[in-house]
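Protein chains in written order, with the working numbering: chain A, 94 to 307; chain L, 94 to 307. One structure is given below, encoded as structure tokens.
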């Protein structure tokens, strides 16, 4: 019985996510569901990435958090449309929340939508938001053993951003170990080494994002 | 309807947690529910802490993870009883899982039980495991804005371990900002600055743990 309720929720979410997907596609908007642990650097990456996009590539951001509107305020400073969702305890965004947030955004003005999910390496993986693809942020300081310990998150990633690469020499992180685990879990995913602190890897990241515009 | 199902689950969990609490108390075992983000350093802290406990203080550890038995294997090398729970997708431990794990542990041999929850700063907060108290691990590299962004986790902490203090000078972490947020969310909690990498703060941590034995 409990399982059926969960299954109904997921089915309803999938139907709504499909609507969002088709609507965004019609407007030629590519959308990225950005997921990762608390403090992995999701917002900091967007703060650095957005100002580096070509002038004709306009973005909007939906921010998901349990509480506070801080992340949306940080993003608004980059000059793009920024909308905060507070989940009030829920450990992930869902398609209904995103649909409501989309009503606040001028979609005719943008070609890319970033949806930063709640900081959580588990729950958000199970809920489609109608996104074009998934960007997983995994920071060096979290350790190189995360893909096999959190397989549901990593198995559907389009790209994994290994953030905080500037701190690597002060950790026991082994790039080859992380890469080996990703090969087992999800060999298709790109892996990029970046630092939102010093900007390393961001030229490559901008190219990756621009190369996937619709 | 969906809310009622959730409420029933929580009620059933609380009843079971109460049984565990009474059983552990009868055996004079103090138990700590250790929670924090993926990669915050929960297992590394236990690896360093357990060998520093006085010889007559015997511990056991229950490890919770979505997948793999790596953490329990790491802990077993310290010589204590170590039991792994794989939640198969669930984002937190619950009292039923802990009760099953307790059947594998010789409780007459121990005076302290560490339960390392699934790496997640949201879901585990809602489920009592019958623990004496809660230890929250929050690493410096995650940023100083976590208490207000994840209030449900921080509001019931007995102690917050600010781990990876050795990396502080390379981040923009402000201790006073973190402390100010904790004062709003949970003024009773102790805050300790530690590093599982270089051992700083561990003498104080051992004293804290030993001072709370039953």
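Beta carbons are placed, not taken as given, at the ideal position from N, Cα and C, and that holds for glycine.
Within the model, the alpha-carbon separation for residue 130(A) versus residue 290(A) is close to 17 Å. Residues of chain L with a Cβ closer than 9 Å to the Cβ of residue 163(A) are, in chain order, 238, 241, 242. Minimum Cα-Cα distance from residue 294(A) among the listed residues 256(A), 126(A), 99(A) corresponds to 256(A). Sorting 146(A), 166(A), 190(A), 210(A) by C-alpha distance to the C-alpha of residue 132(A) places 210(A) at the top. Beta-bridge partners assigned by DSSP to residue 125(L): 207(L), 226(L). Close partners of residue 235(L) in chain A (Cβ separation under 7 Å): 131, 132. Rounded to the nearest angstrom, the Cβ distance from residue 194(L) to residue 179(L) is 11 Å, too far for a contact under 8 Å. Residue 257(L) reaches chain A at 234, counting residues in chain order whose Cβ is nearer than 8 Å. Exclusion of the five residues before and after residue 303(L) leaves 146, 147, 150 as the residues of its chain whose Cβ lies within less than 8 Å of its Cβ. Annotated three-state conformation of residue 283(A) is strand, per DSSP. In this structure, the beta-carbon distance from residue 229(L) to residue 282(L) falls below 9 Å. Classified as buried, residue 250(A) has 16 or more neighbouring CB atoms from the shown chains inside 10 Å of its CB.
The beta carbon of residue 213(L) falls within 9 Å of a beta carbon belonging to chain A, placing the residue at that interface. Pairing residue 187(L) with residue 127(A), the inter-Cα distance amounts to about 28 Å. Nearest C-alpha to residue 109(A) among 101(A), 307(A), 192(A): 192(A). For residue 172(A), no chain L residue has a C-beta closer than 9 Å to its own C-beta; the minimum C-beta separation is roughly 22 Å. Per the coordinates, the alpha-carbon of residue 175(L) lies some 11 Å from the alpha-carbon of residue 139(L). In this structure, residue 254(A) keeps its C-beta atom at 9 Å or more from the C-beta atom of residue 278(A). Contact between residue 171(L) and residue 143(L) is confirmed by a C-beta separation of about 5 Å, below the 8 Å threshold.
The alpha carbon of residue 266(A) has as its nearest neighbour, out of 235(A), 117(A), 284(A), 100(A), the alpha carbon of 235(A). Judged by beta-carbon spacing, residue 223(L) lies beyond the 9 Å limit of residue 121(L), meaning their Cβ atoms are not closer than that value.
Looking from the CA of residue 268(L), the closest CA among 301(L), 233(L), 259(L), 225(L) belongs to 233(L). Between residue 247(A) and residue 125(A), the beta carbon gap of about 16 Å keeps them out of contact (Cβ cut-off 8 Å).
Within the segment 103 to 147 of chain A, complete alpha helix (DSSP H) segments of at least 4 residues are found at 135 to 142, given in chain order. For the pair residue 213(L) and residue 238(L), the CB atoms are not nearer than the 9 Å cut-off.
Neighbours of residue 169(L) across chain A, judged by C-beta separation under 7 Å, do not exist; the nearest C-beta is about 16 Å away. Neighbourhood of residue 245(A) in chain L, by CB distance below 8 Å: 159, 182, in chain order. Take residue 275(A), set aside five residues on each side of it, and the residues of its chain with a beta-carbon closer than 7 Å to its own are 240, 247, 253, 282, 284, in chain order.
Membership of residue 156(L) in the beta strand (DSSP E) is indicated by the continuous run 152 to 158.
For residue 278(L), there is no enclosing beta strand (DSSP E); the residue is found in the alpha helix (DSSP H) stretching over 268 to 278. Here residue 305(A) is near residue 123(A), since their CB atoms are less than 9 Å apart.
Pairing residue 245(L) with residue 113(A), the inter-Cα distance amounts to about 31 Å. Taking 9 Å as the cut-off, the beta carbon of residue 260(A) is found closer than this to the beta carbon of residue 260(L). Rounded to the nearest whole angstrom, the CA to CA distance from residue 152(L) to residue 199(L) is 10 Å. When 9 Å is used as the limit between beta carbons, residue 263(A) is near these residues of chain L: 259, 260, 263, 290, in chain order.
One Cα belongs to residue 101(A), the other to residue 221(A), and the distance between them is close to 14 Å.
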